[in-house]
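This report refers to the structure that appears directly beneath it.
Residue numbers (my numbering): 408 to 746.
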């Protein structure tokens, strides 16, 4: 290993400029009369500008509360003039999905920043590793997920060409591994340290009804039976969305185990409710879900609550008795019934 400082300022992608509608990570450098001048961290710190009108969708009362010198954050690319080098950016148009994608992309870049390893030219890591992985996997972050458990399948396929002088004095082109074993070992170590395995969220959607006199109590009991089917590694939770809709969830590092546990929970819940002439229908079987899915579920729950508030008004309605739900105090009915 050398003792020199690596070159950390380089173009991190093959493209010199970002594309319009792309989220990029910036650092604010200066606040001017019309907007803020920023550096695009992923594009060798080339300059861009955020007009004050693109800071927020709301009326701006204090610019300093929205943007500060030195702050690093994702923004959206509005216009790119490659001839003049002008890049117009927007903070107010970047979505939560854009922010997540941008942060993941930058996280992938950080994996290439081998703080404990000095290489002659830091840009070589992008040329020979980062850029090829983006081309092959669409996103280097996806490749890094595989590297955590199977680095050889990803890194051994990366090669580069070098020119050498042969025994006859003629220059020949030779294909060699993209990185040395030393760099490879440092890269894998860095990725594994940063990318600790994250538990998957497994979810199933069901409908459950009971038309008996004590339907509410029978449903609560069935919910407890479902949660009891979980274990220490895969605890099961069941949540009321809106009568008669429920979701069962668990978190686990083992996807197959999580699906199996939720299937057992559904079976236990079905058996319990059918003993009292109730009915359970699986609307969506157990499957892995993302944060976006959770967000959509939360929005759906909020909409259903609003709809119920608009049509309700008679707490003793016949419909409420028929579903067997009544005023279920799920939060206080037992541990883990509601998150």
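Each residue gets a CB set at the ideal place from its N, CA and C atoms; glycine is no exception. Note that this is a predicted model, so its numbers are computed, not measured.
Flag this pair as yes or no: are the beta carbons of residue 425 and residue 448 separated by less than 8 angstroms?
No, the pair does not count as a contact, with Cβ atoms beyond the cut-off.
Proximal residues to residue 429 (C-beta, below 8 angstroms), its chain only, five neighbours per side dropped:
Close CB contacts of residue 429 within its chain, under the 8 angstroms cut and outside five residues either way in sequence, are with 483 and 484 (chain order).
Contact under 8 angstroms by Cβ, residue 679 with residue 629
Cβ distance < 8 angstroms, so residue 679 and residue 629 count as in contact.
Tell me the DSSP secondary structure of residue 611 in three-state form.
Here residue 611 sits in strand by DSSP.
Report yes or no: do the stretch 559-577 and the stretch 455-465 share at least 3 C-beta pairs separated by less than 8 angstroms?
Cβ pair count under 8 angstroms is below three, so no.
Starting from residue 470, trace the alpha helix (DSSP H) both ways and give me its first and last residue.
Element bounds for residue 470: 470-473.
Between residue 432 and residue 479, how many whole angstroms is the CB-CB distance? I'm expecting something under 8 angstroms.
Confirmed, about 6 angstroms.
Leaving out five residues before and five after residue 750 in sequence, what residues of the same chain have Cβ atoms less than 6 angstroms from its Cβ?
With the chain represented from 408 up to 746, any question about residue 750 goes unanswered, as that position is not in the structure.
Straight-line gap, residue 608 to residue 639 (C-alpha atoms, nearest Å)
Straight-line Cα distance between these residues: approximately 15 angstroms.
Suppose you measure from the CA of residue 739 to the CA of residue 503; what does that come to, to the nearest Å?
For residue 739, the predicted model reports a pLDDT of 47, less than 50, meaning its position is unreliable; a value from the coordinates is still stated below. A straight-line Cα-Cα distance of about 33 angstroms links residue 739 and residue 503.
Sufficient close CB pairs (3 or more, under 8 angstroms) joining the stretch 460-469 to the stretch 493-508
By the C-beta criterion, the stretch 460-469 is judged to be in contact with the stretch 493-508, since at least 3 inter-stretch pairs fall below 8 angstroms.
Go through its chain and collect everything with a Cβ distance to residue 539's Cβ below 7 angstroms, but skip five positions before and after it.
Around residue 539: 565.
Cα-Cα, which of 617, 713 and 596 is closest to residue 676?
Measuring from the Cα of residue 676, the nearest candidate turns out to be 617.
On the CB-based measure, 16 or more other CB atoms within 10 Å of its CB, does residue 419 come out buried or exposed?
Here residue 419 is buried. Its C-beta has 16 or more other C-beta atoms within 10 Å.
Beta carbon of residue 688, beta carbon of residue 613: below 8 angstroms?
Against a cut-off of 8 angstroms, the Cβ pair of residue 613 and residue 688 comes out as a contact.
At the level of alpha carbons, what is the spacing between residue 741 and residue 646?
Because residue 741 carries a pLDDT of 44, less than 50, the predicted location of this residue cannot be relied on, and the following value inherits that uncertainty. Distance between the alpha carbons of residue 741 and residue 646: 12 angstroms.
I need the straight-line Cα distance from residue 536 to residue 587, nearest angstrom please.
When rounded, the separation of the alpha-carbon atoms in residue 536 and residue 587 is 12 angstroms.
Quick one: grab the DSSP three-state call for residue 490.
Coil.
Reduced DSSP secondary structure (H/G/I, E/B, other) of residue 636:
Here residue 636 sits in coil by DSSP.
May I ask you to list the residues that DSSP assigns as paired with residue 566?
Answer by DSSP bridge pairing, in chain order: 584.
Who are the Cβ neighbours of residue 541 in its own chain at under 6 angstroms, not counting the five residues just before and after it?
Same-chain partners within the cutoff: 547.
Could you tell me which residues DSSP puts in a beta bridge with residue 495?
DSSP output for residue 495 lists 456 and 486 as bridge partner(s).
I need the boundaries of the alpha helix (DSSP H) containing residue 644, first residue and last residue.
Going by DSSP, residue 644 is part of no alpha helix (DSSP H) but of the beta strand (DSSP E) stretching over 644-649.
Express the C-alpha separation of residue 696 and residue 583 in angstroms, rounding to a whole number.
When the Cα atoms are used, residue 583 and residue 696 turn out to be separated by approximately 41 angstroms.
Compute the Euclidean distance between the alpha carbons of residue 592 and residue 567, then round it to the nearest angstrom.
Cα to Cα, residue 592 sits roughly 18 angstroms from residue 567.
Could you check the C-alpha separation between residue 508 and residue 551 for me, to the nearest Å?
Rounded to whole angstroms, residue 508 to residue 551 spans 15 angstroms at the Cα level.
For the beta strand (DSSP E) that contains residue 693, what are its first and last residues?
For residue 693, the enclosing beta strand (DSSP E) has its first and last residue at 686-696.
Checking 8 angstroms against the spacing of the C-beta atoms, do residue 437 and residue 470 come in under that value?
No, the Cβ-Cβ distance between residue 437 and residue 470 is not below 8 angstroms.
Check the C-beta distance from residue 615 over to residue 665 and give it rounded, since I have them as a contact under 8 angstroms.
Going by Cβ atoms, the distance from residue 615 to residue 665 rounds to 21 angstroms, so no, they are not a contact pair.
Which term fits residue 669, buried or exposed, when burial requires 16 or more other beta carbons within 10 angstroms of its beta carbon?
Label assigned to residue 669: buried.
On a CA-only basis, which of 549, 506, 694 and 472 is nearest residue 662? Give me that one, please.
Looking at the Cα atoms, 694 is the closest of the given residues.
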